[in-house]
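Here is the structure we will look at.
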Amino acid sequence: MHLSASVRYLMYSAPKNKDLYDAFDDFSNRIRWTYYFAKKKALNVHIEESEDLYDPDYALPHVAKTADLQDAYFELGLSQGKKYIDNYVEKFVPAIKASSKDTGLVWLTEVKEYLLKNDYIVTPTDKNLGAAVVTRKWFIENSKLLLSDANNYTKISAAERQLILERTRTKVEEAADFTEKFLNNEQLEKFLRSKIPESRLEEPKVPVFYGVPKIHKTPTKMRPIVLVTLARRDPLLRSKDLAQRISKLKLDPSRKKYIVSGDIVAFYPNIPADKCIDIVFEWYKAWALAHEISQEEIHLFKRCLNLANKDLIIDFQDETFLQKKGLAMGVACSPDLANLYGAHFEEKILASDEVIKHEMPFFARFIDDVIGVVYAHNEAEALSIAKRISYEDVELEWIASEYNTPFLDSLLYLDPITKKVESLPYRKRLNHKERIPWASHHPKDVKKGTYIGEMSRLATLSSKPEHYIAAVKELGELYAGRGYPIDMIKMWTKDNMTKRWEKRLDEPQKAPVDVFVLKTHYNPIWLRFDIKEFSTNITESWDSSLAVFWDNQARRFSGVRQRPLMQEQVTLRAKPADTVQRSLDDLWGGKASITPTLANVSGGPFGACCGEIPASSGHPANAGNCQ
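Residue numbers for the sequence shown follow full-length UniProt numbering, beginning at 1 and rising by one.
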């Protein structure tokens, strides 16, 4: 029963006042630093070159330095935010604590004891089909079976392991020294050095090998994974890209068509690393020279490219293995390298092959999955056309159908009436349909956002309204089976059904650049926290203080008696141009507007849960039960 709640179940967390004040302290410190640097820039104070070169991709964990108090009007605004939290704690928190309780649906201690007693492991599955329970023995045996492949791995001794680690350490140090000497980029230099321990006595971290079961295959095997870093692959984005391209596809209705799909066999391991690195580097160099990138930076790129993809070793059960060929699945750049390697061959074939140009009106690839439409009289001819696309060193297995084929999360089919390629949502075999259960301690807004997000995904995958309607009906039944109230599902569906369909092929909107995040984590204490009111209390205080200040500046220049200032506003000293969009020229021209940089106070990375609501939007503000 406990495991049936799914790994998406969120355990109970007792409400804690401290979470509110910790989040506010962190928020205040970060926004003080933002104000500090904005003011320096506005006053033309010299900013160190290293600050200009800051790149969030190279950010390292560090203890945040406490910012000094800033101008009085700014601190007054923050005090209004603190006052809102104090009032919230007094007014709402007692009721939240009184009503908050654990559902008792999942007992972690009992689950852990059961797994240990039976030597079971709970693991994710390939293709994200849900959690699986396997015996520890099966997991180890199948992992060793993968590592016994002499074409891909070789076991190395402790001495060989140490030699590779020392060689890698030296190369990283040399790259960092080169950066320090020739690029003057302190942040990048520190980032490179952070990858190796300072002490020679401490061993660098070696990636750990593991695998996930391919439960959709018979017999069940394992997919090799190396845990280094997560490479981002967004299913919704790639599905939307496919849907957009198919919606624009124009086919000759008089010609017979086939859908061809291909699977690149073991793509990463079979890509020749040296050739791939050379291909990618030549593309990068051409781009870099066109954009006036220095020779030193080009050299460092090539050095790091080799460093990240050579001497790849992994640990498994006190043994070390060397990957003999291909790209590593756990290296962050591997998806990009694999994509660029494939694009290198596609670029030449699609541009020069006359048969492909005339007989294949559509082609797309997503990592190692390939799809296309070809004009052909029969299946054999369709396959012969598709096989003209190849990637030299890797094997591509093609199948062809005059009816339909699954691809990603869609079932693509040739409509005999419209003579077009249509699509509808597709669920892979043995998909567990895991969802956040209603009994989970996620905030209600997160549950709602997840449901609506699935509606958007289904709309994207559906080329016809009837497909979308059928899919949403099934979605509602699925969530009802997870304990969601029927009336609530109906309300969410009714409010979003048409909207999601109309926007199904729209480009995703980028987050506004002026959002400043109130970082939180899931806890019932946020249940009735109003992010808009919190934001308004701060920004209206700033507006009020600044309005008085700049009005008095105008009065001073015109000889009119100044308005009295609140004591807290007396110490206003300078006008940060990036913080207050108002100048005396605008004042005389009647164009004045006061807009602090904190145009939006956002609740954080939890979507609807934490708001991300513009302070001036008028949207019903609710930070959600940000547990």
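For glycine and all other residues, C-beta sits at the position ideal for the given N, C-alpha and C.
Its chain contains V206 and V208 as the residues whose beta carbon lies nearer than 6 Å to that of D315, once the 5 sequence neighbours on both sides are disregarded; these appear in chain order. Around the CB of I140, fewer than 16 other CB atoms lie within 10 Å, so the residue is classed as exposed. Apart from the 5 residues on each side of it in sequence, E173 sits with its Cβ closer than 8 Å to the Cβ of R193 and I196 in its chain, given in chain order.
Nearest neighbour of A364 by Cα position, chosen from D543, Q244, P124 and L305, turns out to be Q244. In this structure the stretch 90 to 100 lies against the stretch 514 to 528, because at least three pairs of beta carbons, one per stretch, are closer than 8 Å.
Of the residues P416, I538 and K257, the one whose Cα lies closest to the Cα of A400 is K257. With contacts defined by Cβ atoms closer than 8 Å, P269 and N142 do not form a contacting pair. I264 and E166 have their C-alpha atoms some 35 Å from each other. The residue among E507, D55 and T34 with its C-alpha nearest the C-alpha of D68 is T34. DSSP, read as helix, strand or coil, puts P124 in strand. By the C-beta density criterion, Q295 is exposed, having fewer than 16 other C-beta atoms within 10 angstroms. Not a single unbroken stretch of the alpha helix (DSSP H) spanning 4 or more residues falls wholly within the stretch 403 to 459. For the pair of segments examined, the stretch 409 to 419 was found not to touch the stretch 487 to 495: the number of CB pairs separated by less than 8 Å stays below three. Put simply, of L115, D126, I293 and L147 the residue whose alpha carbon is nearest the alpha carbon of T135 is L115. Assignment of V373 by DSSP, reduced to helix, strand and coil, places it in the strand class.
Taking C-alpha positions only, E422 is separated from I452 by approximately 23 Å. Within its own chain, the residues whose Cβ lies closer than 7 Å to the Cβ of A338, once the five positions on either side in sequence are excluded, are F267, Y268, I271, L327 and I367, listed in chain order.
A residue is called buried when at least 16 other Cβ atoms come within 10 angstroms of its Cβ; I486 does not meet this threshold and is exposed. Pairing K127 with S352, the inter-Cα distance amounts to about 35 Å.
A straight line joining the alpha-carbon of G262 with that of G130 spans about 25 Å. In terms of Cα proximity to L108, the closest of Y120, L3 and L76 is L3. A direct Cα-Cα distance of roughly 16 Å separates I277 from K324. In the three-state reduction of the DSSP assignment, R30 falls in the helix class.
Taking the Cα positions, L10 is about 5 Å away from H441. A residue is called buried once 16 or more other Cβ atoms fall within 10 Å of its Cβ, and V374 is buried on that count.
Cβ contact annotation for R500 (same chain, cutoff 6 Å, sequence separation greater than five): M455, S456 and A459, in chain order.
A straight-line Cα-Cα distance of about 10 Å links A72 and S79.
DSSP lists Y153 as the beta-bridge partner residues of Q323. In this structure, the CA atom of Y484 is about 14 Å from the CA atom of K473.
The shortest C-alpha to C-alpha distance from K248 to any of R255, S254 and K240 is the one to K240.
The Cβ atoms of A175 and R303 sit closer than 8 Å to each other. Distance from the CA atom of K428 to the CA atom of A471, rounded to whole angstroms, is 15 Å. The C-beta distance from L424 to S462 rounds to 6 Å, short enough to meet the 8 Å contact threshold. If you draw a straight line from the Cα of T123 to the Cα of S148, it is about 22 Å long. Between the C-alpha atoms of R435 and T450 there is a straight-line separation of about 9 Å.
Of all alpha-carbon atoms in V394, P219 and A38, the one lying nearest the alpha-carbon of F74 is that of A38.
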